[in-house]
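Engineer:
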Amino acid sequence: MNLALSDEQAMVRDMVRRFLADRYDAATMAKGPMSPDDWRALGELGLFALLAPEQAGGLGGGAVEVMIVSEEMGRALAITPLTEAVLLCGRAIAGDPVARRWGDRLMQGEALLAFAPGGAMTDGRLCGSGGIVRDGMDADAFVVETEAGALLLIDGQDSGVRRMPVRLVDGSMAAHVRFDAVHAVPLTIPGSAWAEAQALAGLSIVAELVGAMATLLDLTVDYVRQRHQFGKPIASFQVVQHRCARMYTWLEQSRSLLLKSALAEEEERVRAVTAARAYIGDAALKLAEEAVQLHGGMGVTDELAVGRGLRRVLLLSRLHGGGTAARAALAA
Amino acid sequence: MDLALGPEQHAFREEVRAFLAASLSPALRRGAALTSGVFAEPDIAREWQAILEAKGWLVYHWPDHAGGPGWTPVQRWIFEKECAEAGAPVLPGMGLKLVGPVLYTYGTPAQKDHYLPRLRSAEHVWAQGFSEPGSGSDLASLRTRAVRDGDHYVVSGHKIWTTQAQYANWLFALVRTDPHVKPQQGISFLLIDMALPGVMVKPILSASGDHELNEVFLDEVRVPVSDRVGDEGQGWSIAKFLLENERGGSSFAPAILADLARLRTSTGPLTGELADRALRLQLEAEALEMTELRTLIEIEHGAAPDPRSLTTKLLASEIRQGVEALAVDAFGLAGLQLPVERPFYGDDMPAPVGSAQAQVAAARYLNARAWSIFGGTSEIQLTLIAKAALGL
Ligand SMILES: Cc1cc2nc3c(=O)[nH]c(=O)nc-3n(C[C@H](O)[C@H](O)[C@H](O)COP(=O)(O)OP(=O)(O)OC[C@H]3O[C@@H](n4cnc5c(N)ncnc54)[C@H](O)[C@@H]3O)c2cc1C
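Just so you know, the sequences run in chain order H and S. The opening residue of the first sequence carries number 1 in full-length UniProt numbering; numbering runs sequentially from there. The opening residue of the second sequence carries number 1 in full-length UniProt numbering; numbering runs sequentially from there.
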């Protein structure tokens, strides 16, 4: 057993951390989605290729690489399409020769893919609702998982793709998508590879949450040290110390479940990721709420990273039904 | 012992119900249901205030000598419960609930005659200037200075978190008139015309995207001495009186129970954990309702308020936050939409996904985090409870 990062993994972490530290600080974190230029720059740095499977021309980064990258993204409260575009859609199209042209552009950060669960094939065309699709306004193409469970690729320029903008709580733009007789290409991907892609996407979300938790705790500890009331730092009140200590226990428990799911054997991965989602979904939101509380009035404003961080954590922790759905899945 | 309403209380409730049924327009109800902040926006607040004033029920919680209808505590509770169930707008409390009672309790006859009618007619819209950047929980440390100059105070300082100051034309403020005595003793209570030179309001955007909060900068504002309420140095006692009204002046449970019932209607049946959470919140709110009623009934029968009344704001904050979090979860992904347009019932809103209730859920959740902060944080409340109820 060994929990140390390899040299390559440490390099990846440092590269992502430096890239994000140059662009985000407490004043700018979680203000809105990452700019398309920065996203492309990450593609040029090879980050998405690192996470793409080898048969798609990527470096085949696995669960640990996903954890490292996503945790750094979370730490900077960066709002990006990484999970859906790179991990879910990227893997869905990886084995498909026709879809390959999207894969290359995706890895370079030049094309954006979005994931839409919904719709049904009728008379060889995709019809119905794709629901609220994250990053769906900017998507160049969509990977669709139909109600019947088929995976399809559709071009965003198809005139049958109807999108209504929906601003989400973290400030990113989703689309409410309808398919009106859209031309769709069936994707060929083995069921096990799709399950793995979904597990990695789930892992990415909990890793981002853990990164966000660490940042929110750091910001809070800094704040209570510096904020004075009653002639002393509020950090000197035992109540405040205990609250911070409790937040720390939630963070460490969350990190443990994150590590456990990143290091799980492939056949254990789905359960481990579901377990992590079940715990971390709740722990992250509780921690973010406590961070806000300990900032007093400052916490509820748009001016500080904690208030904006709560928005991002709310979104990430509720995706796919959040902890509630994860616990229901574990119990079933 | 019994909890039954007497025949007169029954008749009163029917009267309130009939009035609400007749006067709450669909637009008012819709506006109230889709309000994301703590208080109604001015458009619906003004309309509802005028309707209540015409009926003589606007200042239902004021005693009759101050112009109120002379209702008993239980009547007030019935009125609040009916308003909550009918989905009436929640009027901003800064004038009606905070400075109003201060004026009829501590004001001079001239101040009462001048300010109370204007408060009721909404000619004056009030904001509360207590908190400062360096003085939140430790309010007594406030630094805004008021220096006497003949018949005026010259007031300079910086207030923050001033709710709805952007709509207000009057500010009631705590200011330091004597820096040489114990902090609590050097504070006075002033009424400040916001049209005076030197008053500047700067918005603070909430994480929800709502504009409820402001900073108010006071730069050598000349306030007539006649606009001081109470004696010089009496500001702290007045503030304590006012904060008691802010925390315990009305019942919290009726609105929470009504919102929970409305949430159930708009989400449809809940299952699993969500059903369990809804049930727990329902039970806690029912207990809170009884806690609030106990105190009201005791007061109605002549007892002094029990320290348990200090618990209600704390409990209401927690339950309220639980309800708004449940709403977000119950609406699924649709509960995570957060448009920038305001208000949520306005014509400029993008078409909601799911329902208009789903569209407002995330903003309400985010704004509800403030419940455990404003009017004294939950940590400060717990300390007060430990002291007052348990002697710790
Ligand atoms: C939405 C909203 C509306 C408001 N409206 C108004 C208004 O209209 N007018 C107005 O004057 N003010 C208003 N306020 C201000 C409000 O009263 C203050 O925010 C509140 O008193 C807390 O002060 P603070 O924000 O400075 O937090 P701080 O006092 O700095 O507290 C920060 C954290 O430290 C904790 N803490 C502080 N002291 C102690 C202690 N001794 N022991 C344990 N924990 C402690 C607090 O509980 C909190 O968690 C509003 C605030 C909000 C959020």
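Note that CB positions come from ideal geometry on N, CA and C, so glycine has one too. Being a predicted model, the structure only gives us computed values, none of them experimental.
Taking residue 400 (chain S) as the query, report the chain H residues whose CB atoms sit under 7 Å from its CB, ordered along the chain.
Structural biologist: Look at the range of chain S in this structure, 1 to 392, and you will see that residue 400 (chain S) is not part of it.
Engineer: Is the stretch 269-281 of chain H in contact with the stretch 316-332 of chain H, if contact means three or more CB pairs nearer than 8 Å?
Structural biologist: Result yes; three or more Cβ-Cβ pairs closer than 8 Å.
Engineer: Can you find the residues in the same chain that come closer than 7 Å, C-beta to C-beta, to Q49 (chain S), ignoring five residues on each side of it along the sequence?
Structural biologist: Here the set comprises L58, L91 and A122.
Engineer: If the cut is a Cβ gap below 8 Å, which residues of chain H does E273 (chain S) touch?
Structural biologist: Residues of chain H passing the Cβ test: T324, R327 and A328.
Engineer: Tell me whether V144 (chain H) sits in a helix, a strand or coil according to DSSP, three-state version.
Structural biologist: Residue state, collapsed to three classes: strand.
Engineer: Under 7 Å, Cβ to Cβ, is there at least one residue of chain S near Q293 (chain H)?
Structural biologist: Answer yes: the Cβ-Cβ gap between Q293 (chain H) and chain S drops below 7 Å somewhere.
Engineer: Apart from the five residues on each side of it in sequence, which residues of its chain come closer than 8 Å, Cβ to Cβ, to residue 383 (chain H)?
Structural biologist: Chain H is shown only over 1 to 332; residue 383 (chain H) falls outside these bounds and no answer can be derived.
Engineer: Is it true that the CB of D219 (chain S) sits closer than 7 Å to the CB of L191 (chain S)?
Structural biologist: No. Outside cutoff.
Engineer: To which residues of the same chain is L288 (chain S) closer than 6 Å at the C-beta, ignoring the five residues directly before and after it?
Structural biologist: Hits under 6 Å: A253 and L315.
Engineer: Against chain H, which members of the stretch 333-348 of chain S pass a CB distance test of less than 7 Å?
Structural biologist: Here the close residues are L333, A334, L336, Q337, L338, P339 and V340.
Engineer: Specify, as a first and last residue, the run of the beta strand (DSSP E) that V223 (chain S) falls within.
Structural biologist: Here the beta strand (DSSP E) through V223 (chain S) covers L213 to P224.
Engineer: Are V210 (chain H) and L258 (chain H) closer than 7 Å when you measure CB to CB?
Structural biologist: It is a contact, given that the beta carbons lie within the stated cut-off.
Engineer: When the distance is taken between beta carbons, is A239 (chain S) closer than 7 Å to P307 (chain S)?
Structural biologist: Cβ atoms of P307 (chain S) and A239 (chain S): not closer than 7 Å.
Engineer: Measuring CB to CB, does A86 (chain S) end up less than 7 Å from L20 (chain S)?
Structural biologist: Yes, these two residues count as a Cβ contact at 7 Å.
Engineer: Write down every uninterrupted run of the alpha helix (DSSP H) in the stretch 254-313 of chain H whose length is 4 residues or greater and which is fully enclosed by it, in chain order.
Structural biologist: Whole alpha helix (DSSP H) segments, 4+ residues: 266-294.
Engineer: What is the rounded straight-line gap between the Cα of I154 (chain H) and the Cα of A327 (chain S)?
Structural biologist: If I take the Cα positions, the gap works out to 34 Å.
Engineer: Could you work out which residues of chain H lie near W161 (chain S), taking near to mean beta carbons separated by less than 8 Å?
Structural biologist: Result: G297.
Engineer: By Cβ distance below 6 Å, which residues in the same chain neighbour Y115 (chain S) in space, the five residues on each side in sequence not counted?
Structural biologist: So the list reads L103, once near-sequence residues are dropped.
Engineer: Considering only heavy atoms of ligand 2, does any lie closer than 6 Å to the CB of Q282 (chain S)?
Structural biologist: No copy of ligand 2 occurs in the structure displayed; its ligands are ligand 1 alone.
Engineer: Output needed for G31 (chain S): all residues of its chain with C-beta closer than 8 Å, excluding positions within five of it in sequence on either side, in chain order.
Structural biologist: Result list for G31 (chain S): A40, E41, D43, I44, P89, P343 and Y345, in chain order.
Engineer: What number of angstroms, rounded off, separates the C-alpha of S6 (chain H) from the C-alpha of Q198 (chain H)?
Structural biologist: One C-alpha to the other measures close to 25 Å.
Engineer: Between the beta-carbon of V144 (chain H) and the beta-carbon of V177 (chain H), is there less than 7 Å?
Structural biologist: No, the pair does not count as a contact, with Cβ atoms beyond the cut-off.
Engineer: Could you tell me the alpha carbon to alpha carbon distance between A264 (chain H) and D282 (chain H), rounded to whole angstroms?
Structural biologist: Each residue's Cα considered, the two are about 22 Å apart.
Engineer: Report the neighbours of P165 (chain H) on chain S: residues whose CB is nearer than 8 Å to its CB, in chain order.
Structural biologist: Those are P350, listed as they occur along chain S.
Engineer: Would you please state the rounded distance, in angstroms, between the beta carbons of I187 (chain S) and G235 (chain S)? I believe it to be under 8 Å.
Structural biologist: At roughly 4 Å, the Cβ-Cβ gap stays under 8 Å, so I187 (chain S) and G235 (chain S) are in contact.
Engineer: Would H176 (chain H) pass as an interface residue toward chain S - the criterion being a Cβ-Cβ separation below 7 Å?
Structural biologist: Judged by the 7 Å Cβ criterion, H176 (chain H) is in contact with chain S.
Engineer: Run through the stretch 63-136 of chain H for me and flag every whole alpha helix (DSSP H) of 4 or more residues, listed as ranges in chain order.
Structural biologist: Counting only runs of 4 or more, we get 63-75, 90-94 and 100-107.
Engineer: Following the continuous alpha helix (DSSP H) through F48 (chain H), name the residue where it begins and the one where it ends.
Structural biologist: Run containing F48 (chain H): L47 to L51, per the alpha helix (DSSP H) assignment.
Engineer: Report yes if the C-beta of F252 (chain S) is less than 6 Å from at least one heavy atom of ligand 1; otherwise report no.
Structural biologist: Incorrect: F252 (chain S) has no Cβ contact closer than 6 Å to ligand 1.
Engineer: Taking the alpha-carbon positions, what's the K232 (chain H) to Q238 (chain H) distance?
Structural biologist: Computed Cα separation, rounded: 12 Å.
Engineer: Can you give me the Cβ contacts of S36 (chain S) inside the same chain, cut-off strictly under 8 Å, excluding the 5 residues immediately before and after it?
Structural biologist: Closer than 8 Å at the Cβ level, and outside the excluded window around S36 (chain S), lie S208, D210, R342, P343, F344, V360, A363, R364 and N367.
Engineer: If we ignore side chains and look at the alpha-carbon of each, how far apart do L260 (chain S) and L45 (chain H) end up?
Structural biologist: Distance between the alpha carbons of L260 (chain S) and L45 (chain H): 50 Å.
Engineer: Give a yes or no on whether 7 Å exceeds the smallest Cβ distance from I205 (chain H) to chain S.
Structural biologist: No, because no Cβ of chain S sits closer than 7 Å to the Cβ of I205 (chain H).
Engineer: Would H124 (chain S) be called buried (16 or more neighbouring beta carbons within 10 Å of its own) or exposed?
Structural biologist: Counting Cβ neighbours within 10 Å, H124 (chain S) comes out buried, since at least 16 surround it.
Engineer: In whole angstroms, give me the CA-to-CA distance for A78 (chain H) and P73 (chain S).
Structural biologist: When rounded, the distance between both Cα atoms is 52 Å.
Engineer: Is the closest heavy atom of ligand 1 to the C-beta of Q184 (chain S) under 6 Å?
Structural biologist: No, the beta carbon of Q184 (chain S) sits no closer than 6 Å to any heavy atom of ligand 1.
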